[in-house]
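Novice:
In our numbering, the protein residues as written are 794 to 1431.
#1: Would you list the one or two residues that DSSP bridges to residue 1160?
#2: Looking only at C-alpha atoms, which of 889, 1141, 897 sits nearest to residue 911?
#3: Using alpha carbons as the reference points, say which of 1086, 858, 1000, 994 lies closest to residue 957.
#4: Compute the Euclidean distance between the alpha carbons of residue 750 and residue 1211, then round it to the nearest angstrom.
#5: Less than 8 Å separating the beta-carbons of residue 935 and residue 1264?
#6: DSSP has residue 875 in a bridge; who is on the other side?
#7: Please list, in chain order, all residues of the same chain as residue 1296 whose beta carbon is under 8 Å from its beta carbon, the five residues on each side excluded.
#8: Are the CB atoms of residue 1125 and residue 1114 nearer to each other than 8 Å?
#9: Shortest alpha-carbon distance to residue 1048 belongs to which of 1074, 1156, 807?
#10: Is residue 977 buried or exposed, if buried means 16 or more other CB atoms sit within 10 Å of its CB?
#11: Please list the segments of the alpha helix (DSSP H) lying wholly inside the region 1013–1059, counting only runs of 4 or more residues, in order along the chain.
#12: Quick check on this structure: which residue in 906, 1203, 1342, 1189 has the alpha carbon closest to the alpha carbon of residue 1429?
#13: Which residue wins for smallest C-alpha separation from residue 992, given the options 1274, 979, 1006?
#14: Just to confirm, is the Cβ distance from residue 902 to residue 1400 under 8 Å?
#15: Can you give me the C-alpha to C-alpha distance between residue 1346 and residue 1300, rounded to a whole angstrom?
#16: Report the option in 1374, 853, 952 whose CA atom is closest to the CA atom of residue 1274.
#17: Here's the rule I'm using: 16 or more other beta-carbon atoms within 10 Å means buried, otherwise exposed. How should residue 1238 be labelled?
#18: Measuring CA to CA, which of 1298, 1313, 1351 is closest to residue 1366?
#19: Of the residues 876, 1200, 1335, which one's Cα is nearest the Cα of residue 1070?
#20: DSSP on residue 1064, reduced to helix/strand/coil?
#21: Using a Cβ-Cβ cut-off of 6 Å (strictly less than) and excluding sequence neighbours within five positions of residue 820, which residues of its own chain qualify?
#22: Would you mind working out which of 1338, 950, 1008 sits nearest residue 1325, comparing C-alpha positions?
#23: So what's residue 1184 in DSSP terms, helix, strand or just coil?
#24: Evaluate contact between the region 1137–1144 and the region 1059–1073, counting only Cβ atoms and requiring at least three cross-stretch pairs below 8 Å.
#25: If residue 1392 sits next to residue 1231, beta carbons under 8 Å apart, how far is it from one beta carbon to the other, in whole angstroms?
#26: Between the alpha carbons of residue 1076 and residue 1022, how many angstroms are there, rounded?
#27: Let me confirm a value: residue 834 is counted as buried when at least 16 other C-beta atoms fall within 10 Å, else exposed. Which label applies?
#28: To the nearest angstrom, how far is the alpha carbon of residue 1154 from that of residue 1185?
#29: Using DSSP with H/G/I as helix, E/B as strand and the rest coil, what is residue 1211?
#30: Could you tell me how far apart the beta carbons of residue 1404 and residue 830 are, in whole angstroms, since I believe they sit closer than 8 Å?
#31: Let me check understanding here. Comparing Cα to Cα, which of 846, 1039, 924, 883 lies closest to residue 1381?
#32: Beta-carbon within less than 6 Å of residue 1207's beta-carbon, same chain only, minus the 5 sequence neighbours each way: which residues are those?
#33: Under 8 Å, with one C-beta from each stretch per pair, do the region 999–1015 and the region 955–970 reach the 3-pair mark?
#34: I need the DSSP call for residue 1428, collapsed to helix, strand or coil.
#35: Is the beta carbon of residue 1209 less than 8 Å from the beta carbon of residue 1426?
#36: First and last residue of the alpha helix (DSSP H) that includes residue 829?
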């Protein structure tokens, strides 16, 4: 995607450009949950108040998105269930297909960074071999643990019917939500080594959990989205440290995208009009299908005849894809809704009239993966974090195809925020942090001060990336043990010496005898081949040469049996068994090094771009203010 060249990554420049070209357009920060990186976008307020204090900054809850559900028939082993929900990690084994939304959380330094099997293979790790022959647990449990994203959990609904967040009853999920918060919040404050900081953080975490429970008890008919809406202003005010200005407001997609005859004229539904108009519908459908080609996103024909890239959320009936033909309007809710049309629907106002007449005026029309951004970018400047939304590239591609077809859509650029997350950690006076295992290994010490972490993290990431490259090119068991001895010290130096001694004994005893037998066998095979060739040249001599041929075959058989006996001698088996054990230990250690290095490199890069907002309140509010003060940004065209 194109970047606005004149921005130069300065927030002031971006806001000045918006001030000139989109003076009345609000900024929109839209997300599924307030327990991840979405509230971080409040950092832009620091600059808005200096450059454009009257511009509105709207925080929205994407409450029309589906709540995560399990895509496998059985729960993974040791899964924690709370009522009709499960608290799951994400790995590349039993939860590979997990897709989380609205109910996810990460401890400090944690993220949904999955060390995949493909990643291990890339860096020379043979997970399948180790899982089958070297693991101390069953292979599936080993793969699950090895590939698990560190410090991350998701709530998953166990019922099979998909439900949007706005229809998840709070009374049903509150206990499971508290278990999720306990994992994230308590796991984070326990990393604080300083007793005073730990006590303060523990109290803050407990108060947040209590606030959520109190709201659930006081509002028995509320939804999960209602809880998010209640807590959002409170969390942002804690980050800001002052009362929020009137320019900061809140919404949700059930409000933004409410679809009826009174809202259908809004610019956000202009893209819907393009998909309904017979003159532009074929080009729009083609642009969408071409844009999603080669991705897991379904092209429109997969949904059925007349499919549009929009869903309709019908209160009490659920959310489903809209199918529109000349004679029927269908919505693929869990129980499909079908309406016979008295006349073809070719405009958004006509569609709104049918929807309102059939299901009332509180339906919500939501764009699918690509079109949701298009809808709202007609009226808002979307605010995204780095690495936010995997759909943006495909959305831009769809817009390109639409322009090629002569369909121009007036769309505002995105404002992409870049946080100095880990660099800014030095602003938090020295808070001692007990690092998770992979970071303790990378930093070479279990506890570091925040300012030390801020100064060292980039160099540590570089070192771990270099280690991954070394591991990728380290092939033989002996070379691997040498690398481990270099890194781990005496323990692997002793193992390497033992490994060399084992091979020396195998070579000097069993090996020399086996080599002699092998040479004799090869010589007899060569003699037998020559004899067969002689018989083929002179068939009349077969009777004369046949006894010799049989004798050679018998000798070869006896030698092979002797070779097997030598190879399976108790001493040889014991030597090879121990050598294999050492190789297994080395392979397991290699996989652990790959895991730790990858979690350090990718995990720190990911969390640097998309940090969890409440981390800043647990560690130090000064950290957030430093992030806001040193924020960078760019405008990104769609």
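Virtual Cβ for every residue (Gly too), placed ideally from N, Cα, C.
Specialist: According to the data block:
#1: 1103
#2: 889
#3: 858
#4: Because the chain in this structure spans residues 794 to 1431, residue 750 falls outside the shown range and cannot be described.
#5: no
#6: 878
#7: 1372
#8: yes
#9: 1156
#10: buried
#11: 1017–1033, 1046–1049
#12: 1189
#13: 979
#14: yes
#15: 28 Å
#16: 1374
#17: exposed
#18: 1298
#19: 1200
#20: helix
#21: 850, 1174, 1176
#22: 1338
#23: coil
#24: yes
#25: 4 Å
#26: 39 Å
#27: buried
#28: 31 Å
#29: strand
#30: 6 Å
#31: 924
#32: 1175, 1177, 1429
#33: yes
#34: strand
#35: yes
#36: Where residue 829 is concerned, there is no enclosing alpha helix (DSSP H), given that its DSSP letter is neither H nor E.
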